[in-house]
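Let me begin by presenting the structure, written as structure tokens, before commenting on it.
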Amino acid sequence: MEKVNVKEILDWRYSTKEFNPEKKISEEDVAQVKNLLRMSPSSTNIQPWHFIVAGTEEGKERVAKGTQGFFQFNEAKVKDASHVVVFCSRIAAEDDYMQHLLEQEDKDGRYPNEDIKQQVYGARNIFANIHRLDLKDQQHWMDKQVYLNVGNFLLGVAALGLDAIPMEGLDFKAIDEEFGLREKGFTSVVAVSVGYRKDSDFNTPDKTPKSRLPESEVITVV
1022 MEKVNVKEIL DWRYSTKEFN PEKKISEEDV AQVKNLLRMS PSSTNIQPWH FIVAGTEEGK
1082 ERVAKGTQGF FQFNEAKVKD ASHVVVFCSR IAAEDDYMQH LLEQEDKDGR YPNEDIKQQV
1142 YGARNIFANI HRLDLKDQQH WMDKQVYLNV GNFLLGVAAL GLDAIPMEGL DFKAIDEEFG
1202 LREKGFTSVV AVSVGYRKDS DFNTPDKTPK SRLPESEVIT VV
């Protein structure tokens, strides 16, 4: 596998405030975007997510229903981007989903025998039940897996030369209602607009330098 310059990618990417509405992502890159979403790691491989990928004007208009009122400052970021991805989290991980996940893994050849398959099933349920019954934060735990996906996604799209911005400033209840998510067992938690920066964007690193706390403050090497 060819080594990539991660620092160069990190220095190039930034939270894009203005997208060029005339530039669209190629179909090849859209396929890569979908692959990034599917292949993200998650705790115990629980994959507690669903994604809405809006690339048509109609689709983006539907997502933009979450940018009304107080959230109007994000409307252009939704409508002008090439695509918008709504990241959704499962509301619950019941046994039917756990069985479905296990059978998909088996179909994909992950288990050399039935004993190992059942060991994985048991271990995954132990962790899920710790959060469901002991810590009582299963929804939060699954949300954290979705955010793990977001971090992976932001680096991945930057490696493809695509600009992006993650957005929590949306009316997610309105988005849930627009797409009937809660009835399907999901709720939206964050959205990421993807496309190409506009030359006039004030937030590009050459105009507004990035700022991070120093390494000595945030990293302890032992």
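Last residue of the sequence shown? That's 1243 in my numbering, and every number before it is there in order.
Just so it is clear, CB atoms sit at the ideal spot from N, CA and C, and this is done for glycine as well.
- Short of 7 Å from the beta carbon of Gly1087, and not among the five residues preceding or following it, lie these beta carbons of its own chain, in chain order: Leu1191, Asp1192, Phe1193, Ala1195 and Ile1196.
- A straight line joining the alpha-carbon of Ser1221 with that of Ser1103 spans about 17 Å.
- Per DSSP, reduced to three states, the secondary structure at Ser1064 is helical.
- At a cut-off of 4 residues, the continuous stretches assigned as alpha helix (DSSP H) that sit fully inside the segment 1066-1103 are 1078-1084 and 1096-1100.
- Pairing Phe1108 with Val1171 gives a Cβ-Cβ distance under 8 Å.
- Counting only the Cα atoms, Leu1122 lies some 23 Å from Gly1201.
- Taken atom to atom, the span from the alpha-carbon of Asn1056 to that of Ile1030 is near 19 Å.
- In terms of Cβ geometry, Ser1061 and Pro1069 do not form a close pair [threshold 8 Å].
- Contact annotation: Arg1145 and Phe1207 have beta-carbon atoms that are not nearer than 8 Å.
- For Tyr1132, the CB contacts under 8 Å within the same chain, skipping 5 residues up- and downstream, are Glu1126, Lys1138 and Val1141 in chain order.
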